[in-house]
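According to full-length UniProt numbering, the stretch in the sequence shown is residues 1 to 141, in order.
Report on one structure; see the data block that follows.
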Amino acid sequence: MTERTLVLVKPDGVKRGLIGQVLARIEAKGYEIEKLQLVRATKEQLAEHYAEHAGKPFYQPLVDFMASGPIAAVVATGDGVITGFRSLAGATDPTTAAPGTIRGDLGRDWGTAVQQNIVHGSDSTESAKREIAIWFPADEG
Ligand code: RTP
Ligand code: MG
1 MTERTLVLVK
11 PDGVKRGLIG
21 QVLARIEAKG
31 YEIEKLQLVR
41 ATKEQLAEHY
51 AEHAGKPFYQ
61 PLVDFMASGP
71 IAAVVATGDG
81 VITGFRSLAG
91 ATDPTTAAPG
101 TIRGDLGRDW
111 GTAVQQNIVH
121 GSDSTESAKR
131 EIAIWFPADE
141 G
């Protein structure tokens with residue numbers, strides 16, 4: 001089924017010049033880039049985006065990290081793209097993420113308070129809908 005997902009290239013990925021590599025992997029897999037925008041996250045956007053993690057020990061470092069520089073917000077579409085992009089991204093922890101995945105190949109978290117793992121990808125159709133509305137408020141669905 002054709003789906004849409006929200007991908008964020010996080011500040012570590014943008015700073016390290018990895019937007020192109022992330023987009024290339026999405027496109028090489030056969031998904032389409034429907035929307036793409038470089039943004040500075042507001043506190044409100046981050047509070048909404050990470051509401052499920054509020055109160056966890058990594059929440060504040062995560063929000064600070066996400067506000068530390070520009071982010072590339074992407075809507076990617078395709079058959080099974082929600083699960084498919086999370087497979088491309090790999091496990092949350094870059095140290096154990098499998099080689100061949102974005103996080104396994106490119107992610108680093110050495111000496112940081114939070115896992116700096118290059119990308120975010122929505123984890124369900126509900127999350128994708130909610131998250132696309134946060135980063136692309138004018139999106140008509
Ligand atoms: P994402 O939401 O970014 O696609 O990643 P995920 O589902 O694999 O991970 P999630 O559990 O939703 O956590 C969101 C982000 O918080 C940071 N994190 N750091 N213990 C830690 O240092 C830790 N745990 C989570 C990561 O940036 C993770 O992607
Ligand atoms: Mg998540």
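Just so you know, even glycine gets a beta-carbon here, dropped at the ideal spot from N, CA and C.
Secondary structure of residue i, DSSP reduced to three states
i	result
glutamate 140	coil
alanine 24	helix
leucine 46	helix
valine 114	coil
leucine 62	helix
leucine 18	coil
lysine 129	helix
Distance cut-off 7 Å: residue i Cβ against heavy atoms of ligand 2
i	result
aspartate 123	yes
Residues bridged to residue i [DSSP beta-bridge criterion]
i	result
residue 143	An answer regarding residue 143 cannot be provided, because it is not within the stretch 1 to 141 covered by the chain.
leucine 106	In DSSP, leucine 106 forms no bridge with anything.
valine 9	Ala72 and Val119
isoleucine 33	Ala76
Per-residue burial, residue i [other beta carbons within 10 Å of its own, 16 or more giving buried]
i	result
histidine 120	buried
glycine 55	exposed
aspartate 12	buried
methionine 1	exposed
alanine 113	exposed
aspartate 7	The sequence given here places valine at residue 7; aspartate does not occur at that position. Burial call: buried.
heavy atom of ligand 1 below 7 Å from residue i C-beta
i	result
threonine 77	no
glutamine 115	yes
phenylalanine 85	no
phenylalanine 136	no
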